[in-house]
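For the sequence shown, this note's numbering begins at 17 and goes up steadily by one.
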Amino acid sequence: MATSVFPLSGSTVSVGANTSSSTTAARPLPASLAWAWPLAGPQSGGPPRVIHAFNPPAKPWLSGHRGVDLLRTSGASIRAPTDGVVTFAGMVVDRPVLTIATADGLRLSFEPVVSTLVAGSTVAKGSQLGTLTAPTHCDSGPPGLSSCLHWGVRRGDVYLNPLQFILDLRPSVLLPVVR
17 MATSVFPLSG
27 STVSVGANTS
37 SSTTAARPLP
47 ASLAWAWPLA
57 GPQSGGPPRV
67 IHAFNPPAKP
77 WLSGHRGVDL
87 LRTSGASIRA
97 PTDGVVTFAG
107 MVVDRPVLTI
117 ATADGLRLSF
127 EPVVSTLVAG
137 STVAKGSQLG
147 TLTAPTHCDS
157 GPPGLSSCLH
167 WGVRRGDVYL
177 NPLQFILDLR
187 PSVLLPVVR
């Protein structure tokens, strides 16, 4: 099942598969709390399309999707969603990975990203981290898809949904009508 998220700007962020029977309204977080998207969407300034949603496993050793995949072509500029310090920039198996740590203990990982940054580099929200490169694990997906950025967020060994730092994903609460 997929979900479409509708930020206040009116743009749509598709989460999950291409077909959906349900939608969830989401509000942007207050600017002081919100992170920025790590890359721009196909329309300048708009959000990227989420093609694989966060799907944590029931147990740490089981399969799941421990981040989100954002659709974009190779060569796209990757930017820091928030302030942090680079803790790793290098190859993991066959992909270039960049990891930054935030002051509040979160670790953000991006792949495949080629970067000139090195461990210890300080990054500010919106600053360039590197460039999306090919191939990605999305290249073998459905026909017509281009490359994608895999973006993960962890606190310790627990993976978190990166979208919760950009959009207000809390459930809506209906209040009783007072007459």
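No residue lacks a Cβ here, since even glycine has one placed at the ideal position from N, Cα and C.
Practice problem: Please name the residue in VAL109, THR115, THR103 whose C-alpha comes closest to that of GLY136. | Solution: THR103
Quiz item: What separation, rounded to the nearest whole angstrom, lies between the Cα atoms of PRO44 and PRO192?
Solution: With a pLDDT of 48 at PRO44, under the threshold of 50, the predicted position of this residue should be treated as unreliable, though the coordinate-derived value follows. About 25 Å.
Quiz item: So what's LEU133 in DSSP terms, helix, strand or just coil?
Solution: coil
Practice problem: With a 10 Å radius around its C-beta and 16 neighbouring C-beta atoms as the bar for buried, classify ARG95 as buried or exposed. | Solution: buried
Practice problem: Kindly list the residues whose CB is nearer than 8 Å to the CB of LEU133, restricted to its own chain and excluding five residues on each side of it in sequence; keep chain order. | Solution: VAL102, ALA105, LEU114, VAL139, LEU145, GLY146
Quiz item: Residue range of the beta strand (DSSP E) that LEU201 falls in?
Solution: The requested residue 201 is not part of the displayed model; the chain covers only 17 to 195.
Self-check item: Terminal residues of the beta strand (DSSP E) in which HIS166 lies
Solution: 164-171
Quiz prompt | Extent of the continuous beta strand (DSSP E) run through HIS68 | solution = 65-68
Self-check item: Cβ-Cβ distance between LEU97 and PRO64 below 8 Å
Solution: According to the sequence shown, residue 97 is Pro rather than Leu. Against a cut-off of 8 Å, the Cβ pair of PRO64 and PRO97 comes out as no contact.
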